[in-house]
Amino acid sequence: MNKDFIQYQAQTTPHPLGLEVIDAKGSYVYTSDGQKHLDFVAGVSATSLGHCYPAVIKAIKEQADKYLHVMVYGEYAQAPAVEFSKLLAQNLPNPLNKVYLVNSGTEAIEGSLKLARRATRRTQILAAKNAYHGNTMGSLSLMNFEERQKPFRPLVGDVDFIEFNNEEDLNQITEKTAAVILETIQGGGGFIQPKNNYLKKVKARCEAVGALLILDEIQPGFGRTGKLFGFENYEVVPDIMAIGKGMGGGLPVGAFVASEELMDLLSDKPKMGHITTFGGNPLVAAACHATLKTILETALMAETLEKEKRFRELLVHPLINEVRGKGLMLAAIVDSEEIANQVILDCKEKGLILFWLLFEKRAVRITPPLTISMEEIEEGCGIIIDVLNKIKNNA
Ligand SMILES: Cc1ncc(COP(=O)(O)O)c(C=O)c1O
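Pasting the structure below:
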């Protein structure tokens, strides 16, 4: 299968991991060579309830027996999308009470940017250096990496950059600013948390000049940091929130959420200010609803912090400088990029799935399903420590 994968499917890197997947259940992925792999990555923070969580599969099957796509987003009332949006809104602080469903994280960002410009009638967007918000043109415009932007210019205009956690840079937020967009916890940049009430200060400055705060919760969202959304850890509420990844229990999805007052601007002047065919797809929305209900009704969110503690106890080694992040959004920062590469590749051979972060090259990503057990955490961390010992002994 790998040969056809390389030949017929467009590739994103010259060296894909290339596991030949035949099955995946719970915290494990099974491959065609008969191997079982413990998954510490969860499809890059997306399969929050593990692979094929029974309530999600049940919801998908029941919906598949009723109806699939029947109409473009926003025209017909369809129970899965209505029930999911209602449950989500009921569990969010004011004024986040209206949900626009789309198909991916990057689309949620595009919708958020459009809404901010439409609402403020301003154009400037301030994004953070080292941020990642997706790969469509708007999201790519928010990524301050020359190497990544240059081949695709011209991008979306009037985007400027501030440094995450730098309070002096808040002066750049002015009456010209439509929105400041930040990841609540910087992901690709190295799982960096906001410090010293940074997000509160950003929000206050936005309010003072009439700009909006967009928080990208696509990775921290849906329980990964011990709260339903990451911002709840930092006493701030965004004007617009972008979500995706863990929301769909393994199906592709995204959404942006704002107040009714803001969101209604997208349906008037111009009408259809934002439209999508498949947003709110009934199968996907049924999976979202089952996922959210499970996260709300089980102890998974609270257990996330216990599991973080266990990871921190176990991931102690002379080659690990630091474990960054919160909840089950963790990164072991090792001495060098070479060591990070070796850990990820050697662990793969030993049946443990790890992955890189986009920009922080010394990081080993640990974002397992929220359903991972303490025994599985111990098993996986044992493999990491064994591999690190070998690397240290061979140095
Ligand atoms: C913080 C953040 N924002 C946006 C995205 C883009 O989401 P998608 O890949 O679903 O478009 C990602 C994906 O990795 C992400 O981590």
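Residues 907 to 1301 in this note's numbering are what the sequence shown spells out, letter by letter.
Using N, Cα and C, we set each Cβ at its ideal position, and we do this for glycine too.
Measuring alpha carbon to alpha carbon, tell me which of the options ends up nearest residue i.
i: Q984; options: Q969, L998, Q996 and S1173; result: Q969
i: G1063; options: K1020, D1075 and E1089; result: K1020
i: G1040; options: A1269, L1198 and Q1125; result: Q1125
i: A987; options: L974, L1032 and A948; result: L974
i: I1091; options: I1201, R1230, V1008 and I1289; result: R1230
i: N1009; options: Q913, Y979 and Q1030; result: Y979
i: I1278; options: T1012, V1249, L1211 and K967; result: L1211
i: V947; options: K1109, Y914, R1271 and T1080; result: R1271
i: M907; options: E926, P920 and P922; result: E926
i: T1029; options: M1235, R1130, E1081 and Q1055; result: E1081
i: F1097; options: A1238, I1259 and D939; result: A1238
i: K1035; options: G1044, R1059, N1071 and P1057; result: N1071
i: A1114; options: L1088, F1135 and Q1078; result: Q1078
i: S991; options: V1190, D971 and I963; result: V1190
i: G1095; options: C1194, R1218, G940 and N1050; result: N1050
i: H1223; options: P1274, N1295 and V1159; result: N1295
i: C1253; options: E1281, G1286, F1058 and N1227; result: G1286
i: G1160; options: A1301, D939, T1012 and K1109; result: T1012
Look up residue i in the DSSP assignment and say whether it is helix, strand or coil.
i: I1250; result: helix
i: R1271; result: strand
i: K1151; result: helix
i: V1005; result: strand
i: L1211; result: helix
i: N1227; result: strand
i: G932; result: strand
i: F1261; result: strand
i: M977; result: coil
i: F1067; result: strand
i: H943; result: strand
i: Q1030; result: strand
i: E1089; result: strand
i: L1119; result: strand
i: T1012; result: helix
i: L1236; result: strand
i: A1161; result: strand
i: V988; result: helix
i: H957; result: strand
i: V927; result: strand
i: I1098; result: strand
i: A1025; result: helix
Here's a check: name, in chain order, each residue in its chain whose Cβ is nearer than 7 angstroms to the Cβ of residue i, leaving out the five neighbours to either side.
i: Y934; result: K942, H943, L944 and D945
i: P1144; result: L1119, I1120, L1121 and F1137
Taking 6 angstroms as the cut-off, is the beta-carbon of residue i closer than that to any non-hydrogen atom of ligand 1?
i: I1146; result: no
i: I1039; result: Note that residue 1039 corresponds to His in the displayed sequence, not to Ile. Yes - ligand 1 has a heavy atom lying nearer than 6 angstroms to the Cβ of H1039.
i: E1053; result: no
i: Q984; result: no
i: G1074; result: Residue 1074 is actually Glu in this sequence, not Gly. Checking every heavy atom of ligand 1 against the Cβ of E1074, none is found closer than 6 angstroms.
i: S933; result: no
i: G1231; result: no
i: G1093; result: yes
i: D1241; result: no
i: Q915; result: no
i: I1124; result: yes
i: G1150; result: yes
i: S1010; result: yes
i: E1089; result: yes
In whole angstroms, what is the alpha-carbon distance linking residue i and residue j?
i: G1093; j: A965; result: 30 angstroms
i: E1073; j: W1262; result: 29 angstroms
i: V1142; j: P1188; result: 32 angstroms
i: I1120; j: I1297; result: 42 angstroms
i: K1106; j: L1002; result: 17 angstroms
i: E1284; j: I1291; result: 10 angstroms
i: E903; j: L1198; result: This structure leaves residue 903 out entirely; the chain is present only between 907 and 1301.
i: L1276; j: G1150; result: 16 angstroms
i: E1016; j: G1156; result: 22 angstroms
i: V1293; j: A1196; result: 38 angstroms
i: L1202; j: G1179; result: 33 angstroms
i: R1130; j: G1257; result: 24 angstroms
i: G1185; j: M1235; result: 27 angstroms
i: L1048; j: S954; result: 26 angstroms
i: G1152; j: I928; result: 22 angstroms
i: L1134; j: F1128; result: 5 angstroms
i: F1217; j: P1274; result: 11 angstroms
Near residue i, which residues of its chain fall below 6 angstroms by C-beta distance, leaving aside the five closest residues on each side in sequence?
i: D1241; result: L1225
i: C958; result: K931
i: R1171; result: Checking the displayed sequence, the identity of residue 1171 turns out to be Leu instead of Arg. Closer than 6 angstroms at the Cβ level, and outside the excluded window around L1171, lie R1024 and A1025.
Excluding five sequence neighbours on each side, which residues of the same chain lie with their C-beta closer than 8 angstroms to the C-beta of residue i?
i: V976; result: Y982, Q984 and P1188
i: I1146; result: S1018, L1021, A1022, A1085, L1118, L1119, I1120, L1121, F1162, V1163, A1164 and L1168
i: G1132; result: N1139, M1207, A1208, T1210, L1211, E1214, K1232 and G1233
i: E1075; result: Strictly speaking, residue 1075 in this sequence is Asp, with Glu absent from that position. I1068 and E1069.
Would the beta-carbon of residue i be found less than 6 angstroms away from any heavy atom of ligand 2?
i: T1273; result: Among the ligands present in this structure, namely ligand 1, ligand 2 is not found.
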